[in-house]
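Below is one structure; the comments refer to it alone.
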Amino acid sequence: MTVTLIATFTARPGHRVVVAELIAGFADHVRADPGTLVFEPFTGVDDDHDFVVYERYVDEAAFRAHLADPAGVPFNAALSEHIVGDGSVLRFLDPVR
Numbered sequence: 119m120t121v122t123l124i125a126t127f128t129a130r131p132g133h134r135v136v137v138a139e140l141i142a143g144f145a146d147h148v149r150a151d152p153g154t155l156v157f158e159p160f161t162g163v164d165d166d167h168d169f170v171v172y173e174r175y176v177d178e179a180a181f182r183a184h185l186a187d188p189a190g191v192p193f194n195a196a197l198s199e200h201i202v203g204d205g206s207v208l209r210f211l212d213p214v215r
């Protein structure tokens, strides 16, 4: 079964460009993983400091592999310096049928 989620975080004032560059670069890396179906970052229309990343993986194992990817360590460390709070908030989604 696929794993679908959104990750949300807010850039600190004056840090939006750095956060956008970080997430865009990391997105290219994540999209290259064969277990990734979608990894698409967005900013809010009303507040471009708000970021939402729509993520979809082929299954739980692919999602766990994403979490265990060593490239995530420096990305998350760098991101944490530029966002409000302790990190992104993950919200897992189920399809409505």
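Following the numbering used here, the numbering of the sequence shown begins with 119 at its first residue and continues without gaps. No residue lacks a Cβ here, since even glycine has one placed at the ideal position from N, Cα and C.
Rounded to whole angstroms, what is the Cα-Cα separation between Pro-192 and Asp-212?
30 Å
Would you say Phe-181 reaches chain B, if we count a Cβ-Cβ gap shorter than 8 Å as a contact?
The chain inventory of the structure shown lacks chain B, comprising one protein chain alone.
Alpha carbon to alpha carbon, what distance is there between Ala-186 and Glu-178?
12 Å
For Arg-134, which of helix, strand or coil comes out of DSSP?
helix
Which runs of the beta strand (DSSP E), 3 residues or longer, sit entirely within the stretch 167–204?
168–175
Quick one, are the C-beta atoms of Phe-157 and Val-171 less than 8 Å apart?
yes
Do you know how far the Cα of Tyr-175 is from the Cα of Phe-169?
19 Å
Between Ala-183, Glu-173, Val-148, which has its C-alpha nearest Leu-123's C-alpha?
Glu-173
Starting from Arg-209, follow the beta strand (DSSP E) in both directions and report where the run begins and ends.
207–211
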